[in-house]
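To convert, take the position in the sequence shown, counting from 1, and add 81; that gives my numbering.
To keep things clear, I will list the structure first and then write my remarks on it.
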Amino acid sequence: MYLCRTDDATLTFGQPFIEHSIMSRKALFTKEDFIEAGVSLVRDLGIEALTARTLSKRMGCSTSPIFSVYENLSQLKDDVVKRVCEMYEDYVADSINYNPAFKEFGRRVVQFGINEPRLFNLVMQPIGQEHHHFRTPVEVKLEEELCHLYHITQRQARVLVEQMQIFTTGMATRYSSGWDAYSDETINFNLGAAFLGMLMYVKEMDRLPIVSPLPRDNDNQPLIPN
């Protein structure tokens, strides 16, 4: 028989004392600790690297504390995705305090993709949740401002914001992947050119036909006729 003393009581047989020690170590970590460590892991290695083993190794513990807080890894991933999306929303939120706000919003979307490429990919393609388009509070305010400044309807403003989201996502992916060199000047020029083109389009979109590509009648027909 082993006689072991704890702060609370004297335990016999040793085994209960071992279990008590394990439970104490589990309590050292909170849900917030696991979420922060999960975000850090995803930032460095991507969402695919977020496993119980890799997370426990990063935190310097066994996998047991993780599953004392979470029933399964899917729940943890959902919390990590939610936190990353909140980080993205916080990053773009202040753009409403700039003039023009719409351009600052686009610049921040691109910069987030450049500075946090793996987190950006997670925002645009959330894992463990239903895929959805993030319409943040700042986007709603931008739509209102666009209606006022450019005398367009709410529907036109929403289309404009959605199209610019597609464009900025492409820019962020291209620059963060190293396809092109980037600078603030380059980003501003591309955002401005795209915005003006899309603004002209949405003002006329109800009167413009949707053109679908069709095969040429002759395979040898030149792209530009003589």
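All residues carry an ideal CB built from backbone N, CA and C; glycine is no exception.
As the structure is a computational prediction, the values presented were derived from the model and not from experiment.
Asked, Found
"Spatial neighbours of V242 in its chain, beta-carbon cut-off 7 angstroms, leaving aside the 5 residues before and after", "E220, L223, E224"
"Segment contact flag, the segment 159 to 179 with the segment 188 to 196, C-beta cutoff 8 angstroms, min 3 pairs", "yes"
"Burial state of L200, where buried means 16 or more other Cβ atoms lie within 10 Å", "buried"
"Helix, strand or coil at T93 according to DSSP, with G and I counted as helix", "A caution first: T93 carries a pLDDT of 40, below 50, which makes its placement in the model unreliable, though a value can still be read off. If DSSP states are grouped into helix, strand and coil, T93 belongs with the strands."
"Element boundaries [alpha helix (DSSP H), containing M245]", "235 to 257"
"Backbone CA spacing between I116 and M205 [nearest angstrom]", "19 angstroms"
"Rounded straight-line distance, which links the Cα of L109 to that of M245", "45 angstroms"
"Inter-residue Cα distance where the pair is V165 and I247", "19 angstroms"
"Residues of its chain near I103, where Cβ-Cβ distance is below 8 angstroms and the 5 sequence neighbours each way are ignored", "With a pLDDT of 45 at I103, under the threshold of 50, the modelled position of this residue cannot be trusted; read the value that follows with caution. Here the set comprises S145."
"Distance between E152 and S264 (C-alpha atoms, nearest Å)", "45 angstroms"
"Residue environment, V292, which counts as buried when at least 16 other CB atoms sit within 10 Å", "exposed"
"Length of the line joining the Cα atoms of A118 and L157", "11 angstroms"
"Residue burial classification, D287 (beta-carbon count within 10 angstroms, cutoff 16)", "exposed"
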